[in-house]
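Here the structure comes first, spelled out in structure tokens, and everything after it is commentary.
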Amino acid sequence: MKRLKPTNSETHNSPQPPHKIDSRAQLRQMQRVMASALFRPLTSKWGMQKRWVDGAPMEALASKFIKPNDRLNSFERLEIYNRQYWFRVLDCLYDDYPGLRAVVGERRFMKMATAYLTQYPSDSFTLRDLGNRLEQFLRAEPHWSAPREELALDMVRFEWAQVVAFDGPAHPPLTPDDILDTPPSKLQLRLQPYLTLLELNFAVDDFLIAIKKRESDVLRGEASNAMNSAPKAAVVRKRVRYPKREKVHLAVHRHDNLLYYKRLDQEAFAILTSLSRGITVEDACLEAVTASKRTDVDWSAEIKSWFDAWSALGWFCRTP
261 MKRLKPTNSE THNSPQPPHK IDSRAQLRQM QRVMASALFR PLTSKWGMQK RWVDGAPMEA
321 LASKFIKPND RLNSFERLEI YNRQYWFRVL DCLYDDYPGL RAVVGERRFM KMATAYLTQY
381 PSDSFTLRDL GNRLEQFLRA EPHWSAPREE LALDMVRFEW AQVVAFDGPA HPPLTPDDIL
441 DTPPSKLQLR LQPYLTLLEL NFAVDDFLIA IKKRESDVLR GEASNAMNSA PKAAVVRKRV
501 RYPKREKVHL AVHRHDNLLY YKRLDQEAFA ILTSLSRGIT VEDACLEAVT ASKRTDVDWS
561 AEIKSWFDAW SALGWFCRTP
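Each residue of the sequence shown is one higher than the last, beginning at 261 in the working numbering.
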């Protein structure tokens, strides 16, 4: 990962460590100070900032709650944690969003990631949630993805859906016996929580496949060079063209612990979307067929094949 100058962001809050810790409130205050110190952006040289948010010397603040040792002073010891936090979270976003990187560019991505993590620092025990507000951030600050704002939003929604599909919760799948006596006019089907339905304006699925193939080819080329004694020319990173505008309907899911994304017909997407909103099977199918512009279609056979496939994939689940 190429290191770039991160965006600095100041806050009006200036937490101070307690003089002692004799209560939960004081412990909480100490934790807030530590978190604030860790979450502050690094300098352009990847070091801890010399001043606290109120302008006071950071070394003086650090000495209030970090003891020095025989090799490092308080500032230097705290700086280690500050740097490692940022190296870790930036690396995670870098690895989790290769498609978004390709859309906005490597340099802008790192600046955008720093600005995002400054505004929305990690608030979960797991780093898989690190990008859960990235779409919200890009909508509020579209300049980070200009002039490809729509493509960037499609991509970040698609890549976040893969995070959800990879390890999102699953409920016991629905069986034929569960719905045997329920007529379609009253039947409501619940979708697995790890399944995400996406209506997109660009074919980001094909674009991401091309991006990952390009990165894989580059890695193989670099590994090949490393195994040979004679130096070779650097592997050229082939340019992948941005996708053209087209309406795409996707279901991002997992099956047998593997991640998949499946393209859907517009009518199939409409049915699944209606089911996710609690509409009955009969009404969902009727609305989708009525709105369709397709003709000469055996809708009974078509819809049956869709439901057979969705059931085989385990998309329908019991109510927990």
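We treat Cβ as the ideally placed atom computed from N, Cα and C, and that holds for glycine.
Bear in mind the structure is a predicted one, so any value in this text is a computation, not a measurement.
Open item on the list: I need the DSSP call for L413, collapsed to helix, strand or coil.
Closed with: helix
Open item on the list: To the nearest angstrom, how far is the alpha carbon of K327 from that of F385?
Closed with: 26 Å
Open item on the list: Excluding the 5 residues flanking R408 on each side, which residues of the same chain have their C-beta closer than 8 Å to its C-beta?
Closed with: V363, V364, Y502
TODO: Report, in whole angstroms, the separation of the C-beta atoms of L250 and W404, which I expect to be a contact under 8 Å.
DONE: Outside the shown range of the chain, which is 261 to 580, sits residue 250, and nothing can be said about it.
Open item on the list: Please tell me whether A425 and Q452 are closer than 7 Å, where the distance is taken between their beta carbons.
Closed with: no
Open item on the list: Based on DSSP bridge pairs, tell me the residues matched to E456.
Closed with: Note on residue identity: the sequence assigns Thr, not Glu, to residue 456. V512, per the DSSP bridge assignment.
TODO: Starting from C577, follow its DSSP beta bridges and name the residues at the other end.
DONE: P433, R450
Task: Assigned secondary structure, S489 (DSSP; H/G/I helix, E/B strand, else coil) - done: Since pLDDT at S489 reaches only 48, below the 50 mark, its modelled position is unreliable, and no value is offered.
Task: Selection from P358, E336, L321, E339 that minimises the alpha carbon distance to I471 - done: P358
TODO: Please check the pair A511 and L457, which I expect to be a contact at CB under 8 Å, by giving their CB distance rounded to whole angstroms.
DONE: Confirmed, about 6 Å.
TODO: Verify whether the separation of the beta carbon atoms of V541 and P444 is less than 7 Å.
DONE: Contact check for V541 against P444 passes: the beta carbons are separated by less than 7 Å.
Task: Through-space distance from P381 to P275, alpha-carbon basis - done: Counting only the Cα atoms, P381 lies some 16 Å from P275.
Task: Whether E339 touches M308 by CB criterion (7 Å) - done: yes
Open item on the list: Let's test the definition: count the other Cβ atoms within 10 Å of the Cβ of Y376 and tell me whether it reaches 16, buried, or not, exposed.
Closed with: Result: buried.
TODO: Under the assumption that Y521 contacts D465 (Cβ atoms under 8 Å), give the Cβ distance between them as a whole number of angstroms.
DONE: 5 Å
Task: C-beta contact flag for C352 and L298 at 7 Å - done: no
Open item on the list: Output needed for W346: all residues of its chain with C-beta closer than 6 Å, excluding positions within five of it in sequence on either side, in chain order.
Closed with: L302
Task: Residue closest to D356, alpha-carbon to alpha-carbon, out of I281, R417, R499, L447 - done: R417
- [ ] With DSSP collapsed to three states, give me the class of L360.
- [x] helix
- [ ] Compare the Cα-Cα distances from R300 to each of I531, Q526, R343 and report the closest residue.
- [x] R343
- [ ] Could you name the residues that DSSP lists as bridge partners for P275?
- [x] Here P275 is not bridged, per DSSP, to any residue.
TODO: Return yes when the Cβ of P278 is within less than 7 Å of the Cβ of K324, no when it is not.
DONE: no
- [ ] Determine the direct distance from the alpha carbon of N333 to that of P317, and round the result to whole angstroms.
- [x] Rounded to whole angstroms, P317 to N333 spans 14 Å at the Cα level.
Task: Under the three-state DSSP convention, the category L518 falls into - done: Three-state DSSP puts L518 in a strand.
TODO: Using the Cα positions of L394 and G428, report the straight-line distance between them to the nearest angstrom.
DONE: 18 Å
Open item on the list: What would DSSP say about P317, mapped onto helix, strand or coil?
Closed with: Three-state result, P317: strand.
Open item on the list: With distance defined between alpha-carbon atoms, name the residue in L460, R368, L287 nearest to R505.
Closed with: Of the candidates L460, R368, L287, the one whose C-alpha sits nearest the C-alpha of R505 is L460.
TODO: Using the DSSP secondary-structure output, state which residues sit across from R311 in a beta bridge.
DONE: Looking at the DSSP output, R311 bridges to P317.
Open item on the list: Taking the alpha-carbon of Q379 as reference, which of A322, N392, W566 has the nearest alpha-carbon?
Closed with: N392
Open item on the list: Let me check one thing: in DSSP terms, what residues is R505 bridge-paired to?
Closed with: DSSP lists F462 as the beta-bridge partner residues of R505.
- [ ] Helix, strand or coil for R523, going by three-state DSSP, please let me know.
- [x] strand
Open item on the list: Could you give the first and the last residue of the continuous alpha helix (DSSP H) run that contains D568?
Closed with: D568: member of the alpha helix (DSSP H) spanning 559 to 572, first to last residue.
Open item on the list: Between which two residues does the alpha helix (DSSP H) holding K371 run?
Closed with: K371 -> alpha helix (DSSP H) spans 366 to 379.
- [ ] Verify whether the separation of the beta carbon atoms of S552 and A544 is less than 7 Å.
- [x] no
- [ ] Please go through the same chain and pick out, in chain order, the residues whose beta-carbon is closer than 7 Å to the beta-carbon of D414, but skip the five residues on each side of it.
- [x] L460, N461, F462, V464
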